[in-house]
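Enquirer:
4 protein chains.
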Amino acid sequence: MNKTSDKRSIILGATLRLINENGFHGTAMSKIAREAGVSAGIIYHYFESKDDLILELYNSLIKELMNALLKGFDNSKSLEDQIKKLFEDIFRYNLANPQAAMFIRQYKASPYYTHESNSQNQQYIDPIVSCVQKAKKQGIIKDLPDTVIAVLTMDVAALLAQRYSAGLVELNDELINEIIGIIWDALKK
Amino acid sequence: MNKTSDKRSIILGATLRLINENGFHGTAMSKIAREAGVSAGIIYHYFESKDDLILELYNSLIKELMNALLKGFDNSKSLEDQIKKLFEDIFRYNLANPQAAMFIRQYKASPYYTHESNSQNQQYIDPIVSCVQKAKKQGIIKDLPDTVIAVLTMDVAALLAQRYSAGLVELNDELINEIIGIIWDALKK
Amino acid sequence: MNKTSDKRSIILGATLRLINENGFHGTAMSKIAREAGVSAGIIYHYFESKDDLILELYNSLIKELMNALLKGFDNSKSLEDQIKKLFEDIFRYNLANPQAAMFIRQYKASPYYTHESNSQNQQYIDPIVSCVQKAKKQGIIKDLPDTVIAVLTMDVAALLAQRYSAGLVELNDELINEIIGIIWDALKK
Amino acid sequence: MNKTSDKRSIILGATLRLINENGFHGTAMSKIAREAGVSAGIIYHYFESKDDLILELYNSLIKELMNALLKGFDNSKSLEDQIKKLFEDIFRYNLANPQAAMFIRQYKASPYYTHESNSQNQQYIDPIVSCVQKAKKQGIIKDLPDTVIAVLTMDVAALLAQRYSAGLVELNDELINEIIGIIWDALKK
DNA sequence: TATGAATGAGAGTTCATTCAT
DNA sequence: CATGAATGAACTCTCATTCAT
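And the structure:
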């Protein structure tokens, strides 16, 4: 890890924290610079604009999430176990990374979120999507549209993570397992 | 309906449309005024500030939603039917009012959403919460925290409504009924 | 006193209080209306504009002051006694009416104060000026320009009244008399 | 003198001129920027707000005035000569710097003038106050409250300077000396 | 690479004034 | 006479972005 990517990461981290706390609108570039301990100008060396910075942050968080999911992937297991593991990992990742979950959620709910911004992450998403497709074809899970499945897994997990971060619900391992079970039962055929 | 509440409503409507399209940050007060066909200054006659305007919009949408849910309420039916009807109505309301669903979702994902902003709506939410409580006690639905139940019903419905509005998924009556059935099966004991 | 002049007076009184507390700039017409217990619009029935309202207030305060001075006037006394009494009354009036003193001072220090605004009060000021002129000619007081004499009497008194109102100095009767004596000694020949 | 303090000074100078001409209320930040030949935004780099700018201007003028008075200070002279010189310098400084005198006067007559704003200048005022204190104790000048002495010297000088600037009175050296003599005679024991 | 002073457009908000009622 | 909703220009202040150093 060289100095360049260090500073880039520091800026991204500062942006993540500030936007989660104050929203897109409440997060001025000058504040990001102060939080990151760099000058305002240098941000424009690493990112084209504020919009670009936010998009890059989103992409990097999606990339990290997808890497975490792929790491748990085991092709030697049965497809049912693979899918089950996938859903479990999605839940656990969101709950373990509430800052990331919160940002992704806020981003997706905002006008920053366009088809274009998502197409860049297709490469990371593809393996997971194709796994889900296979499971549908083999009759392991219900034949629902991908979007519906994504909502019931990814989005539900992210929402619960945020509610947990906000102190609105207590989530112990037992409850998490129960929820994962409920979702799995709801999706499986 | 007198002129005063008319203009107030017009301003709220313009705010809803613009914020859904451009986000909180992308929606200037002057644009709201232009969209509503009023002067910029008069907004401050009806609302204290931009933040207040947004909060009032949120409150009014929550109130409308809750009224819609209460309208479908029938105490003569069995509790199971009541709960089932409630979940169905939540889905249908969100899908029928995508603008409201989208705004509520964006609001809840933003730093505007605080405990304080929700406490004002407690009066509308209470009857529904108590109905769910009763269902839990009578063993009709699973004994999950209210927040988890809210995520699996209200938030899932709102998310699907937005995905539908964004053209990401086709939701016909058959599919809606299937999803309602899935959620109901997941929650019932 | 009819209702019309009542309301006019109430508006003037509200303006006096608010401007002394918040300055010209900090005193909106709507606040004057609220303080006076009238609508914003009606002020424009009694006064042409905010500037006019402020000018009329200034004029009315100058008129009251001058009337107070003229009331103490006694042509049967010696000129020396008349002048001495005049200076004493100026002091006492300012100290007894700190709100008026404060406003006049703030007005005179502001760009509202023009030659034009003063010319309207010439009728009230004339008798006093001519009395001072006579005293100068008869060698009772020093032959200083009128402006210098006004500063050493009127303005000094107003300043002391304001300092007293602000709690910066304690002014008992003894001290007031001492100051009056000092000023008189300084001006007399 | 570096560029930073240059621009700060230019802004302060522009503010002084405009406020003397148009008052606090009539002096918009945008006008100050234009007069100073800078952008509107940069003022907020040097000053927190309009209020802060005005306070800083007041403080800098008080500081300059006090430095001018201290420069004329000569401890080797008799206390009587020191005091006399002080009063003379106050007069001459005010008459030589009518812009400063006018602003200080307008500021003191406005609601901007608070105890807090003055406490920041105590360090500059202290030496002069203690000199006056000593003179009172030694029976050189009358035992009047400091505020009264300040009014009769500082404020009278500032008022005369403004009247002179406004063309209301002609002040030649002879007259100035006469007035200084009158004030001195009034204060000395 | 890195800084931070500088820009200027545009934000939210205020307010003197008007006018239909 | 009286109201107060309505206007819209002008205000203070912010902020993404640039650029000389």
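Taken in sequence, the protein lines are chains Z, H, U and F. Read in order, the letters of the first sequence are residues 1 to 189 in the numbering used here. Read in order, the letters of the second sequence are residues 1001 to 1189 in the numbering used here. Read in order, the letters of the third sequence are residues 2001 to 2189 in the numbering used here. Read in order, the letters of the fourth sequence are residues 3001 to 3189 in the numbering used here. By construction, the Cβ of each residue, glycine as well, lies at the ideal position given by its N, Cα and C atoms.
Applying the criterion that 16 or more other CB atoms from any shown protein chain within 10 Å of the CB defines a buried residue, is Gln138 (chain Z) buried or exposed?
Expert: Translated into positions along the first sequence, residue 138 (chain Z) becomes position 138. Exposed is the call here.
Enquirer: Look at the Cβ atom of Met1102 (chain H), then the Cβ atom of Gln1162 (chain H), and state whether they are nearer than 9 Å.
Expert: Translated into positions along the second sequence, residue 1102 (chain H) becomes position 102. Translated into positions along the second sequence, residue 1162 (chain H) becomes position 162. For Met1102 (chain H) and Gln1162 (chain H), yes; Cβs fall inside 9 Å.
Enquirer: Terminal residues of the continuous alpha helix (DSSP H) containing Ser2165 (chain U)?
Expert: For the purposes of this step, residue 2165 (chain U) is taken as residue 165 along the third sequence, with counting starting at 1. Counting along the chain, the alpha helix (DSSP H) containing Ser2165 (chain U) begins and ends at Val2156 to Ser2165.
Enquirer: Could you name each continuous alpha helix (DSSP H) segment of 4 residues or more that falls completely within the region 3091-3150 of chain F, going from the start of the chain to the end?
Expert: Entirely contained in the region 3091-3150 of chain F, the alpha helix (DSSP H) runs reaching 4 residues are, in chain order, 3098-3108, 3115-3119, 3122-3137 and 3146-3150.
Enquirer: So if I threshold CB-CB distances at 8 Å, which residues from the region 3022-3043 of chain F count as touching chain U?
Expert: Asn3022, Gly3023, Phe3024, His3025 and Gly3026
Enquirer: Is any beta-carbon of chain F found at less than 9 Å from that of Arg2163 (chain U)?
Expert: Numbered from 1 along the third sequence, position 163 holds the residue referred to as residue 2163 (chain U). With 9 Å as the cut-off, Arg2163 (chain U) counts as an interface residue toward chain F.
Enquirer: What in chain U is Cβ-close to Thr3147 (chain F), meaning under 7 Å?
Expert: Here residue 3147 (chain F) refers to the residue found at position 147 of the fourth sequence. By Cβ distance, chain U contributes Arg2163, Leu2168 and Val2169.
Enquirer: How is the alpha helix (DSSP H) around Ser2030 (chain U) delimited, first residue to last?
Expert: The sequence position of residue 2030 (chain U) within the third sequence is 30, counting from 1. Met2029 to Ala2036 is the span of the alpha helix (DSSP H), which, as asked, contains Ser2030 (chain U).
Enquirer: Under a CB-based cut-off of 9 Å, is Ile2054 (chain U) close to chain F?
Expert: Residue 2054 (chain U) sits at position 54 when you count from the first residue of the third sequence. No, Ile2054 (chain U) lies away from the interface with chain F (no Cβ there is under 9 Å from its Cβ).
Enquirer: Short of 9 Å Cβ to Cβ, which residues in the region 130-158 of chain Z face chain H?
Expert: Lys142, Leu144, Pro145, Asp146, Thr147, Val148, Ala150, Val151, Leu152, Asp155 and Val156
Enquirer: Starting from Lys3199 (chain F), trace the alpha helix (DSSP H) in both directions and tell me its first and last residue.
Expert: The structure shown does not extend to residue 3199 (chain F), since chain F spans only 3001 to 3189, so no value can be given for it.
Enquirer: For Ile2176 (chain U), which of helix, strand or coil comes out of DSSP?
Expert: Walking along the third sequence from the start, residue 2176 (chain U) turns up at place 176. Ile2176 (chain U) falls in the helix class under three-state DSSP.
Enquirer: So, with DSSP's three-state summary, where would you put Ser1039 (chain H)?
Expert: Indexing the second sequence from 1 puts residue 1039 (chain H) at position 39. Under the three-state reduction of DSSP, Ser1039 (chain H) is assigned to coil, being neither helix nor strand.
Enquirer: Could you tell me whether the Cβ of Ala101 (chain Z) comes closer than 9 Å to any Cβ of chain H?
Expert: Looking up residue 101 (chain Z) in the first sequence gives position 101. Output row for Ala101 (chain Z): interface = no.
Enquirer: Measure from the C-beta of Tyr3058 (chain F) to each C-beta in chain U and report whether the shortest distance is under 9 Å.
Expert: As a first step, residue 3058 (chain F) is located in the fourth sequence; it is residue number 58 there, counting from the start. Answer no: the Cβ-Cβ gap between Tyr3058 (chain F) and chain U never drops below 9 Å.
Enquirer: Answer with buried or exposed for Glu2088 (chain U), where buried requires no fewer than 16 other C-beta atoms within 10 angstroms of its C-beta.
Expert: Locating residue 2088 (chain U) in the third sequence gives position 88, counting from the first residue. Answer is buried; the Cβ neighbour count reaches 16.
Enquirer: Please classify Met2001 (chain U) as buried or exposed, where buried requires at least 16 other C-beta atoms within 10 Å of its C-beta.
Expert: Taking the third sequence and counting its residues from 1, one reaches residue 2001 (chain U) at position 1. Bear in mind that the predicted position of Met2001 (chain U) carries a pLDDT of just 49, short of 50, making it unreliable; the figure below should be weighed with that in mind. Classification of Met2001 (chain U): exposed, given that the 10 Å Cβ count is below 16.
Enquirer: Is Gly973 (chain H) buried or exposed, if buried means 16 or more other CB atoms sit within 10 Å of its CB?
Expert: The question about residue 973 (chain H) has no answer here: the residues shown for chain H are numbered 1001 through 1189.
Enquirer: Using only CA atoms, which one of Z:Leu53, Z:Lys63, Z:Tyr112 and Z:Ile83 lies nearest to Ile10 (chain Z)?
Expert: Taking the first residue of the first sequence as 1, we reach residue 10 (chain Z) at position 10. Among Z:Leu53, Z:Lys63, Z:Tyr112 and Z:Ile83, the Cα nearest to that of Ile10 (chain Z) is on Z:Leu53.
Enquirer: Considering only C-alpha positions, which residue in the set F:Asn3172, F:Leu3159, F:Asp3146 and F:Cys3131 is nearest to Val2169 (chain U)?
Expert: Looking up residue 2169 (chain U) in the third sequence gives position 169. The shortest C-alpha separation from Val2169 (chain U) is found at F:Asp3146.
Enquirer: Lys31 (chain Z): which of Z:Glu48, Z:Ile104 and Z:Leu12 sits nearest, CA to CA?
Expert: Counting from one through the first sequence, the residue named residue 31 (chain Z) turns up at place 31. The candidate whose alpha carbon is nearest that of Lys31 (chain Z) is Z:Leu12.
Enquirer: Against Gln2106 (chain U), what residues of chain F qualify as contacts under a CB-to-CB distance less than 8 Å, listed in chain order?
Expert: Position 106 of the third sequence, counted from the start, is the residue given in the question as residue 2106 (chain U). Here the neighbours are Ala3109 and Ser3110.
Enquirer: What is the rounded straight-line gap between the Cα of Ala1096 (chain H) and the Cα of His2025 (chain U)?
Expert: As a first step, residue 1096 (chain H) is located in the second sequence; it is residue number 96 there, counting from the start. As a first step, residue 2025 (chain U) is located in the third sequence; it is residue number 25 there, counting from the start. Rounded to the nearest angstrom, the two C-alpha atoms are 51 Å apart.
Enquirer: Closer than 8 Å is the cut-off here; do at least three beta carbon pairs connect the region 1107-1126 of chain H with the region 121-133 of chain Z?
Expert: The count of Cβ pairs closer than 8 Å, one atom from the region 1107-1126 of chain H and one from the region 121-133 of chain Z, stays below three, leaving the stretches out of contact.
Enquirer: Rounded to whole angstroms, what's the CA-CA distance from Ile1019 (chain H) to Ala28 (chain Z)? Just pull it up for me.
Expert: The residue labelled residue 1019 (chain H) in the question sits at position 19 within the second sequence. The residue labelled residue 28 (chain Z) in the question sits at position 28 within the first sequence. Cα to Cα, the separation comes out at about 20 Å.
Enquirer: Taking Cβ-Cβ distances shorter than 7 Å, what residues in chain F pair up with Leu2061 (chain U)?
Expert: As a position in the third sequence, residue 2061 (chain U) is number 61, starting the count at 1. Going along chain F, no residue has its Cβ under 7 Å from Leu2061 (chain U), so there is no contact; the nearest lies around 15 Å.
Enquirer: Which residues in the same chain have their Cβ closer than 7 Å to the Cβ of Ile3043 (chain F), if we skip the five residues on either side of it in sequence?
Expert: Residue 3043 (chain F) sits at position 43 when you count from the first residue of the fourth sequence. Here the set comprises Ile3011, Met3029, Ile3032, Ala3033 and Leu3053.
Enquirer: Give me the chain H residues within the contact set of Asp173 (chain Z), using Cβ-Cβ distance strictly less than 8 Å, ordered along the chain.
Expert: Sequence index remark: in the first sequence, residue 173 (chain Z) carries index 173 (1-based). Per Cβ cutoff of 8 Å: no residues; Asp173 (chain Z) is ~15 Å from chain H at best.
Enquirer: For Asp1074 (chain H), does the three-state DSSP call read helix, strand or coil?
Expert: As a working note, residue 1074 (chain H) is residue 74 in the second sequence. Coil.
Enquirer: Give me the residue from U:Gly2181, U:Glu2178 and U:Ala2014 with the minimum Cα distance to Ser2039 (chain U).
Expert: Locating residue 2039 (chain U) in the third sequence gives position 39, counting from the first residue. Among U:Gly2181, U:Glu2178 and U:Ala2014, the Cα nearest to that of Ser2039 (chain U) belongs to U:Ala2014.
Enquirer: Classify Lys189 (chain Z): buried if its beta carbon has 16 or more other beta carbons within 10 angstroms, exposed otherwise.
Expert: Working through the first sequence from its first residue, we reach residue 189 (chain Z) at position 189. Exposed is the call here.
Enquirer: Helix, strand or coil for His25 (chain Z) per DSSP?
Expert: In the first sequence, residue 25 (chain Z) corresponds to position 25, counting from 1. It is coil, neither helix nor strand.
Enquirer: Starting from Ala1014 (chain H), find everything on chain Z with Cβ-Cβ shorter than 9 Å and list it in chain order.
Expert: If you number the second sequence from 1, residue 1014 (chain H) lands on position 14. Ordered by position in chain Z, no residue passes the 9 Å Cβ test against Ala1014 (chain H), which lies about 17 Å from the chain.
Enquirer: Since I believe Ala1100 (chain H) is in contact with Glu1199 (chain H) (beta carbons under 8 Å), could you give me their beta-carbon distance rounded to a whole number of angstroms?
Expert: Summary: the structure shown does not reach residue 1199 (chain H), with chain H confined to residues 1001 through 1189, and so no result is reported for it.
Enquirer: So what does DSSP say about Ala14 (chain Z), is it helix, strand or coil?
Expert: In the first sequence, the residue the question calls residue 14 (chain Z) occupies position 14. The answer is helix: DSSP assigns Ala14 (chain Z) an H, G or I state.
Enquirer: Would a check of beta-carbon distances place Lys3189 (chain F) closer than 9 Å to chain U?
Expert: Start at 1 with the first residue of the fourth sequence, and residue 3189 (chain F) comes out as number 189. So no, Lys3189 (chain F) is outside the interface.
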